[in-house]
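Report on the structure given below.
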Amino acid sequence: MQQFDLPEYEFGFFDTGKPFYSTPKGLTEKTILDISAMKKEPLWMRERRLLAYKLFLAKSMPEWGGDLSRIKFEDIYYYVKPTDKQGRTWDDVPAEIKNTFDKIGIPEAEKKFLAGVGAQYDSEVVYHSISKMLEKKGVIFTDTDTALQKYPEMFQQYFGTVIPAGDNKFAALNSAVWSGGSFIYIPKGVRVDLPLQAYFRINARNMGQFERTLIIADEGSYVHYVEGCTAPIFTTDSLHSAVVEIIVKKNARVRYTTIQNWSKNVYNLVTKRMFVEEDGIGEWVDANLGSQITMKYPSIYLKGKRARGEILSLAFAGNGQHQDAGGKAIHMAPETSSSIISKSISKNGGRTSYRGLLKVHKGAIGSKSNVRCDALILDEESRSDTYPTMLIDEEEVTVGHEASVSKIGEEQLFYFQSRGIPQAQAETMIVNGFVEPIVKELPMEYAVELNRLVQLEMTGSVG
Amino acid sequence: MLVVKNLYASVENTEILHGFNITIKPGEIHAVMGPNGSGKTSLAMSLMGHPGYVIDPLQKPVFELGGVDMSHLPSEERAKAGLFVSFQNPVEVTGVSFLAFLRTAAKALRPDEKIPLSLFKEEVKRALYAVSLDESFMHRFLNEGFSGGERKRAEIVQLILLRPRIAILDEIDSGLDVDSLKLVAAAIAKNVQRNQTGILLITHYQRIMHFLKPTHVHILIDGKIKKSGGMELVRKVEKDGYAAI
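Read top to bottom, the protein sequences are chains A and H. Quick note: the first sequence uses this note's numbering, first residue 2, plus one each step. Quick note: the second sequence uses this note's numbering, first residue 27, plus one each step.
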């Protein structure tokens with residue numbers, strides 16, 4: 002283990018062990034065939050991958066959002082297998098990898114407040130466990146590769162139905178080279194009260210991590226899934242490009258919480274989408290603090306009557322970071338409702354953008370939507386932009402949109418200082434207050450963690 | 027003891043205070059009365075160190091609290107030395123509870139005093155009760171949605187909990203009904219009695235002084251103390267107005 006002396010990012014260390022297997026640098030058809038062979042996949046999946054690769058080559062880079070011109074697809078390692086086995090207990094996990102997760106605190110968190118944990122290291126999930134009780138109830142929580150082998154029918158029924166490979170260039174890339182991620186099935190009427198958590202760690206240099214997550218919540222079920230992520234600090238860039246597909250059936254509810262804390266050399270380009278059926282509830286809580294560039298707009302397709310969706314987006318951009326985040330709500334049925342709340346903070350030359358879409362299809366009578374985005378800009382060098390799009394094809398709808406941009410006021414700071422609270426601490430408190438509407442939605446442990454990360458962002462770059 | 031001499035202060039390059047002098051000993055209550063625009067708020071803000079108020083160093087000002095020169099210290103250091111100001115219009119801060127704010131301030135001012143949160147909450151409850159604020163106020167966001175009177179009372183809650191040596195109260199009486207005014211005056215008087223706090227009571231009106239008897243009265247006109255004395259000055263202003271001073 003090597004510890005870097007970089008106080009502003011505490012997870013910058015990396016494990017120096019050699020991976021068990023890695024495809025050569027760059028991406029060709031051969032890379033995809035190798036990955037598929039390594040995974041002993043069925044033919045249909047190999048064909049899907051090859052088709053997706055063609056789509057990836059054909060599609061152009063997005064011309065909006067962050068500057069992606071520095072991504073060198075030919076320099077990336079697309080598949081890095083850290084070990085030849087997966088652990089069911091932490092003791093089974095190879096020592097160097099386990100050390101990493103110990104430092105991040107995952108095994109401890111599992112003991113305390115989680116119903117299940119998955120831990121992905123580079124391309125593969127190295128640890129997976131779920132509480133015995135949930136397993137008995139028929140809950141499936143496993144890594145996506147295992148799911149393909151063990152539950153082929155369900156897998157084929159849903160895979161790629163929410164986000165087809167051709168959706169965008171990075172969804173196509175993920176569909177071509179995907180590895181790892183979580184597969185979750187919650188049977189009818191089953192409520193999973195404690196969160197399930199997955200942790201994603203990039204360890205290798207110039208690594209591309211392409212996990213694929215698929216969640217199916219059957220009728221009347223409930224699950225809260227939480228993901229966290231970190232990476233070492235390298236001078237070269239890494240790419241994280243995940244695809245997350247979620248199906249929320251009738252009366253079911255899924256909450257998906259992300260606390261993204263990649264190191265500041267990671268491009269984070271993720272496609273996330275939920276289909277919500279009748280009376281279902283889909284919720285994204287999406288906090289982005291790390292990465293160099295993030296482009297991520299969790300989407301909710303409200304397909305059934307009275308389906309509800311909520312997106313809470315939090316972005317913090319420091320020096321050299323661009324958080325292009327937001328959300329999309331698509332109303333496709335009557336009496337559906339959605340709410341998007343975005344809070345962004347930019348500091349030390351950082352840049353945040355809110356990019357949102359609200360679409361109401363013809364016939365979605367009586368739908369309601371409320372969008373609110375607040376930006377806090379902490380200094381003159383930093384920047385924040387808002388790009389809301391509204392496409393409303395139905396007249397009988399209620400739509401609200403509010404946006405605000407603010408700076409921490411001199412009067413607020415002075416008030417704190419007059420009570421003995423120094424400026425830096427006052428700023429941190431004000432920023433934590435600003436993000437409070439999102440933090441309060443998190444389970445206590447994550448709320449504490451998020452406040453701590455905000456504090457680190459606020460103080461780590463002082464001086 | 028607070029000693030201020032030769033205080034010349036400006037806002038946006040306009041001099042507002044033209045040589046203000048005052049000495050406040052522990053337990054004394056000094057009322058500073060004056061008409062609109064006489065420099066009352068500028069006095070409070072420049073003493074507390076608001077960045078918009080500049081004290082002129084060329085006038086060789088003296089500004090000491092407990093023998094320590096305050097003039098070069100940032101606001102938080104002045105607060106740590108024991109200076110407090112109650113604001114006329116305290117700001118709202120979303121997401122920061124009144125309790126969290128009080129706790130942070132108390133810790134900043136008295137870092138060595140280790141009070142468990144449960145005990146601190148009890149203290150906050152008592153302070154809220156003293157000015158007739160419901161205990162739920164501690165969980166509300168700082169000043170957010172507080173009425174004018176509630177804000178003033180919340181400032182007094184801070185005075186009670188932070189226990190300053192010198193408290194500058196800037197129009198603490200405005201916007202309070204008679205009942206609240208009595209409560210606020212009683213809370214200030216108790217603080218003076220218990221902690222020997224010195225008070226600089228800035229006000230337009232004599233009303234509060236029926237409940238909080240000043241030991242000294244100063245009439246501030248055009249950035250300077252025009253006259254000092256006792257309650258007879260208050261009565262004179264009441265009768266004939268500032269013009270008669």
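Ideal Cβ positions, reconstructed from N, Cα and C, are used throughout, including at glycine.
Of all C-beta pairs linking the segment 134 to 151 of chain H to the segment 418 to 437 of chain A, three or more are shorter than 8 angstroms, placing the two stretches in contact. Counting the other CB atoms within 10 Å of its CB gives Thr90 (chain A) a total below 16, which places it among the exposed residues. Ser176 (chain A) places its beta carbon 8 angstroms or farther from that of Val81 (chain A). Residue-level contact by beta carbon holds for Thr120 (chain H) and chain A, with a gap shorter than 8 angstroms. For chain H, the residues of the segment 401 to 423 of chain A that bring a beta carbon within less than 9 angstroms of one of its beta carbons are Gly410, Glu411, Glu412, Gln413, Leu414, Phe415, Tyr416, Phe417, Gln418, Ser419, Arg420, Gly421, Ile422 and Pro423, in chain order. Assignment of Met74 (chain H) by DSSP, reduced to helix, strand and coil, places it in the helix class. Looking at the DSSP output, Gln198 (chain A) shares a beta bridge with A:Val118 and A:Val227. Inter-segment contact for the segment 99 to 108 of chain H and the segment 142 to 149 of chain H is absent: fewer than three beta-carbon pairs are separated by less than 8 angstroms. Among the CB atoms of chain H, none fall inside 8 angstroms of the CB of Phe21 (chain A). Look at Gly434 (chain A): its C-beta is under 8 angstroms from a C-beta on chain H. In this structure, the CA atom of His236 (chain H) is about 38 angstroms from the CA atom of Asn39 (chain H). At a cut-off of 8 angstroms, the C-beta of Met74 (chain H) has a neighbouring C-beta in chain A. Between the segment 323 to 333 of chain A and the segment 284 to 291 of chain A there are three or more C-beta pairs closer than 8 angstroms, enough to call the two in contact. Annotation: the continuous beta strand (DSSP E) that includes Asp386 (chain A) extends over Arg384 to Ile393. In this structure Gln293 (chain A) does not touch Gln261 (chain A) by the C-beta definition: roughly 12 angstroms separates them, more than the 8 angstroms allowed. Under the three-pair Cβ rule at 8 angstroms, the segment 58 to 75 of chain H counts as touching the segment 218 to 229 of chain H. The contact set of Ile431 (chain A) on chain H, defined by CB atoms closer than 9 angstroms, consists of Val119, Thr120, Gly121 and Val122 in chain order. For the segment 38 to 67 of chain H, no residue has a beta-carbon sitting nearer than 8 angstroms to a beta-carbon of chain A. Annotation for Met296 (chain A): the continuous beta strand (DSSP E) segment containing it runs Ile294 to Lys297. At a cut-off of 8 angstroms between beta carbons, Ala193 (chain H) makes no contact with chain A. Going by beta carbons, Gly281 (chain A) and Val249 (chain A) fall inside the 8 angstroms limit. In terms of Cα proximity to Gly67 (chain A), the closest of A:Leu270, A:Lys408 and A:Gly357 is A:Leu270. Under the Cβ criterion of 8 angstroms, Ser162 (chain H) is not counted among the residues facing chain A. A residue is called buried when at least 16 other Cβ atoms come within 10 angstroms of its Cβ; Gly182 (chain A) meets this threshold and is buried. Nearest in C-alpha terms to Asp168 (chain A), of all of A:Arg274, A:Arg192, A:Ala116 and A:Tyr159, is A:Arg274. When secondary structure is reduced to three states using DSSP, Phe142 (chain A) falls in the strand class. From the listed residues H:Leu159, H:Arg191, H:Leu187 and H:Glu197, the smallest Cα separation to Ala126 (chain H) is found for H:Leu187. For Asn115 (chain H), the three-state secondary structure derived from DSSP is coil. Taking a 10 Å sphere around the C-beta of Gln184 (chain H), we find 16 or more other C-beta atoms and assign the residue as buried. When Cβ-Cβ separations below 8 angstroms define contact, Glu42 (chain A) makes no contact with chain H. Annotation for Gly319 (chain A): Lys348, Asn349, Gly351, Glu458 and Ser462 place their beta carbon closer than 7 angstroms to its own, counting only its chain and skipping 5 residues before and after.
Of the other Cβ atoms in all chains shown, fewer than 16 fall within 10 Å of the Cβ of Phe74 (chain A); this residue is therefore exposed. If you compare the alpha carbons of H:Lys250, H:Phe167 and H:Ile214 with that of Pro240 (chain H), the shortest gap goes to H:Ile214.
With its beta carbon at least 8 angstroms from every one in chain A, Phe237 (chain H) lies outside the interface. The segment 338 to 347 of chain A makes contact with the segment 370 to 381 of chain A, as at least three CB pairs between them are under 8 angstroms. For a Cβ distance threshold of 9 angstroms, nothing in chain A lies close to Val30 (chain H): the least Cβ distance comes to about 17 angstroms.
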